[in-house]
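Protein chains in written order, with our numbering: chain A, 132 to 445; chain B, 12 to 316; chain C, 315 to 718. Even for Gly, the Cβ is constructed at its ideal location relative to N, Cα and C.
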Amino acid sequence: MQTKPMPFGLDKTTIVILALLALVPLQSFVYDLFMMKVFCFAIFAMSLNLLLGYTGLLSFGHAAFFGSAAYVTSHVVKEWGLTPELGLLVGVSVSAGLGYVFGSLAIRRQGIYFAMITLALAQVIYFLATQLPFTNGEDGIQGVPRGALFGVIDLTDSTPMYYFSLAVFALAFLLIRRIVNSPFGQVLKSIRENEPRAISLGFDVDRYKLVAFVLSAGFAGLAGGLKAYVLQLASLSDVHWHTSGEVVLMTILGGIGTLWGPVAGAAIVVNLNNYLANLGGWSTITMGVIFVVCVLAFRRGIVGEIAHRLKIKL
Amino acid sequence: MFELLGITPQSLVAQLLIGLINGSFYALLSLGLAVIFGLLNVINFTHGAQYMLGAMLTWIGLNELGNWLGIEDGFQISYFVMLLIAPLLVGAFSIVLEKTMLKRLYHLDHLYGLLLTFGCALVIEGLFRHWYGVLGESYPVPEMLEGGLRVSGLYLPYYRLWVVALALIVCFGTWYFIERTKLGSMLRAGTENPKLLQAFGVNVPLMITLTYGAGCALAAFAGVLAAPIYQVTAVMGSNLIIVVFAVVVIGGMGSIAGSIVTGLALGVIEGLTKVFYPEASSVSIFVIMILVLLFKPAGLFGKVR
Amino acid sequence: MKKTMIAKLVAASLVAGLGTAQAAGVSDNEVRIGVLTDLSGIYSAIEGPGAVVAAKMAVKDFGGKVLGKKIVVTSADTQSKADLAGSKAREMFEKDKVDLITGNVSTASALAAMEVADQKGKISIVTGAASLPITNEKCHATNIHYVYDTYALSRGTGKAVVDSGKKTWFFVTADYAFGHTLERDTTEVINASGGKVLGSVKHPISTQDFSSFMAQAQASGAQVIGLANAGGDTIGSVKQAAELGIMGSKQTVVPLLMFISDVQALGLKATAGMNFTVGWYWDFNDNNRKFAQRFMKEFGGKAPTSVQAGVYSSTMQYLKAIEATKTDDAAAVMKHLKSINIDDGLFKGKIREDGKFEHDMYLLQVKAPNESKNKNDVAKVVKVIAAKDATLPLSESKCKLVKK
């Protein structure tokens, strides 16, 4: 029996999860600032997943898009007084534009060389971030105002900011799902599975890769801009290669090539960082152990394993 | 005496010399990584941690070993002995790593080997950070090598010259071994066609394990050399690792000669940048990497696989 | 059908249920002090776990209770990252109902925490971070800067060294705001004292190899090589300066920002004779020594740094202020703290309207290895720099709280 497809590509799982998330400000067990951080990194991880899990390209420089959007959004909101949704728009445009430039250069190469070019380009962005006056170098852009959404809804308090973040996250998730399930997404998957065959089928593979790269950079920028509002600052660690590494960890831990994987991965890593932060060096050690265990035993990632065992699509 | 952009030629020569010295260090440091990737197709992200282990073991040999063994008079293992012992210890440890974990990933995409070794690096560094903190410890230059040479206004520490000499010897020796000896050619054959080589009766898995161990031992050797110059800290490896990667990638990931030449060249270029545009000295290497990869995709000396 | 339900529940709980839950049942019948510091990263030796120990000592010495309410000390790790500092500060105020945030090493992290404290109307005390803007352009009404700042460092070390006859300088500067400010401020002092800056070179942060920069410094022939950098960069610079034979030659190396923990990491052989300025030194007088002995018992035999002593002292003052004003309301406590003269045996001075604690600074000289009796005995005080010489005059202040 054919069930009628729901609007916006929603399905029961997604609705249940989003509904649960909407209840967060009403209880005190889960801290809402923490969840907002998770949303940002979930979008960031989903953006990397679009490239890695669905197109088969590993980027080691995604922090460049995340961080540059964080800086640009912070700047336009703080210095030019733009409203938050416009700020995000500007941030996303900048990161997507950067993605176009980086992508055009990197896509000429494959595999590890592609990854190394993305890393090198990201290091150049890091250098620029330390030098350009508007980023304030080590101090970063502090005191970023959350502003009033559409000029009307004040986001300074936690609760409206939370719902705004949830909305952005939901939007990003549904959009990415749409992209992945579309004919365009199918071509991306075929590139990941067997690039020579895709070429022989007549697809302009480089063009598809570039579009995927730009989209991925744009979503990473969305994550960065949102983070600038949530934490009200943009700093050098946003463009540092450790951040690029961390998002790769989140994506792989959660499960590349699944939709909920990066989200779960982000939730786990942010949570672990938080919990282990007071134990000093243990946080690095634990991250390392998780990496090792994941690579040896859980290559599908947590959500990937669950999906595989239960034979469902997540 | 003319001045080029405000620098006297004397100063320039001095800076070039320093650049060469650093370059030889980079070459040695990249050697292990190049060997492992060139012969095993594995991207050994643990390289930085193994380098740090070499330095740490050297420091422990001098300062802590006596305490651990309960010997009163301060039992110490000298620097020169550690030059031999530390690489052996780290090599052995790495072999264990390879046999228990890395081996299982050979049939998969490179990516997994990279991630595994990255995870191992995090664990090793985390442990040493926990035990020894981040500020690290100081290791003295061995007495025999103290002092330096005064050459036209520049002071060249003997220790640095020692490092250059050892680095060049080891680099050349490794290159010669791999490219010119029978054993080396077996190693190279094992990479291209392991099954065929195994059919000839060569124990290929053993060869691979030993090669990995040797590459890691080279990293530790560089660490021992570094201990008297750089502060011995848990994070000394991660500070250098992406530079080392850049050297190997630019040189051509399969090529030993490529890494050596690139290491030296990069040392000089970085040295010049430090004179004319010092703020950019960290990023210069990445700009070069981008340019090289765009025009010569497999690196300067590499062959596209 | 059942499988999909299970799947949904599992997936949902994975995503939603993982926040660390601190029991949020904090009544306002407790005074909570949050030590926000770098517990495991580059600045953990200056402040870090030692600062938590210091805060707890202060609470214990005070009696554990104020106005009949229990005092609780919590801590969080920022790893000297502004992001973490901002979110941890927020979490401390919103979830843990903390009344005071102290520590705050690393300027970027301190600024982030100060911003949050100001928003929440709670007090922040900065002990570890250095930059002058903390009480200058970026000052906040709810903030106190307790131990030292870049003005004091440049005045203290810069002037003292020039006055001792070493007039020509060359700077090795870390290429970021902190380094630039330190270089600029010290240059002003040097010029005003009759010295001259022959040149400078800016290096990227977290540089490994300083030999090229040191060689440039050597070539300049300047009597003093000033290090306008911090942490690992300072340690690397000093170590490699020693290697290049600069120590003990006609040139001296002067680190503008240094702590006894850095000296211990480098060893006395490499650092003997070096001058640097601190806000407090343990071996200066009997009071300091007594405090240091007690601290060492709690902290594995390590003497307290100036910053850790600052955490003890400021926490003590905060608690005394609550007792005096009979409330923990931030505005009242701040008003009180800015009105009294502080003299607790460790620090003596006054907190100004811009939040800066004006007190004497100390110029130290590192001892030679044969002069040192134990691993904490690393330096001696060679000059006391009067408070008014070490603090930015209010007339020059750009802080919006200062009435002109």
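- With a minimum length of 3 residues, the unbroken runs of beta strand (DSSP E) contained wholly in the stretch 134-165 of chain B fall at 159-162.
- For residue 681(C), the CB contacts under 8 Å within the same chain, skipping 5 residues up- and downstream, are 582, 586, 691, 692, 693, 694 in chain order.
- At the C-beta level, residue 345(A) and residue 231(A) come within 8 Å of one another.
- With a threshold of 16 other beta carbon atoms within 10 Å, residue 285(B) meets it and is buried.
- Residue state for residue 383(C) is assigned as strand, using DSSP reduced to three classes.
- Only those residues of the stretch 122-156 of chain B whose C-beta falls short of 9 Å from the nearest C-beta of chain C are listed: 140, 141, 144, 145, 146, 147, 148, 149, 151, 152.
- Spatial neighbours of residue 536(C) in its own chain (CB-CB distance under 6 Å, excluding positions within 5 residues in sequence) are listed in chain order as 482, 483, 484, 512.
- Residue 372(A) reaches chain B at 253, counting residues in chain order whose Cβ is nearer than 9 Å.
- For the pair residue 90(B) and residue 277(B), the CB atoms are not nearer than the 8 Å cut-off.
- The residues 635, 638, 639, in chain order, have a CB closer than 8 Å to that of residue 650(C) in the same chain once the five nearest residues on each side in sequence are set aside.
- Nearest in C-alpha terms to residue 171(A), of all of 300(A), 240(A), 150(A), is 300(A).
- The C-beta of residue 325(A) comes no closer than 8 Å to any C-beta of chain C.
- When the alpha-carbon of residue 65(B) is set against those of 301(B), 265(B), 234(B), the nearest one is in 234(B).
- Under the DSSP assignment, residue 375(C) falls in the alpha helix (DSSP H) whose first and last residues are 362-376.
- A direct Cα-Cα distance of roughly 15 Å separates residue 337(A) from residue 317(A).
- Here the alpha carbon of residue 161(A) sits roughly 41 Å from the alpha carbon of residue 571(C).
- Rounded to the nearest whole angstrom, the CA to CA distance from residue 67(B) to residue 238(B) is 8 Å.
- Between the alpha carbons of residue 305(A) and residue 616(C) lies a gap of roughly 55 Å.
- Excluding five sequence positions before and after residue 250(A), the CB atoms of its chain that fall closer than 8 Å to its own CB belong to 191, 192, 372, 375, given in chain order.
- Taking C-beta atoms as the reference points, residue 34(B) and residue 275(B) count as a pair closer than 8 Å.
- For residue 262(A), the closest Cβ of chain B is nearer than 8 Å.
- Residues are counted here when their Cβ sits less than 8 Å from a Cβ of chain A; for the stretch 489-518 of chain C these are 489, 490, 491, 492, 518, given in chain order.
- By the criterion of at least three beta-carbon pairs nearer than 8 Å, the stretch 210-228 of chain B is in contact with the stretch 43-54 of chain B.
- Residue 179(A) places its beta carbon 8 Å or farther from that of residue 311(A).
- The shortest CA-to-CA distance from residue 243(B) to any of 198(B), 261(B), 146(B), 112(B) is the one to 146(B).
- Inter-residue distance for residue 347(C) and residue 57(B) is about 41 Å (C-alpha atoms, whole angstroms).
- Within the same chain, no residue comes within 7 Å of residue 657(C) by CB-CB distance, once the 5 residues on both sides are set aside.
- The C-beta separation of residue 390(A) from residue 308(A) comes to about 6 Å, placing the pair in contact by the 8 Å criterion.
- Using a CB distance cut-off of 8 Å, residue 64(B) does not count as an interface residue toward chain C.
- Look at residue 571(C) here: in three-state DSSP terms it is coil, with no helix or strand label.
- Scanning the stretch 525-608 of chain C from its first residue to its last, the whole alpha helix (DSSP H) runs of 4-plus residues come out as 525-534, 545-557, 574-580, 582-585.
- Looking from the CA of residue 350(C), the closest CA among 419(C), 541(C), 343(C) belongs to 419(C).
- DSSP places residue 353(A) in the uninterrupted alpha helix (DSSP H) bounded by 336-362.
- By the CB criterion at 8 Å, residue 153(A) and residue 352(A) fall outside the cutoff.
- When C-beta atoms of the stretch 538-554 of chain C are compared with those of the stretch 488-503 of chain C, three or more pairs fall below 8 Å, so the two segments count as touching.
- The three-state secondary structure of residue 469(C), taken from DSSP, is helix.
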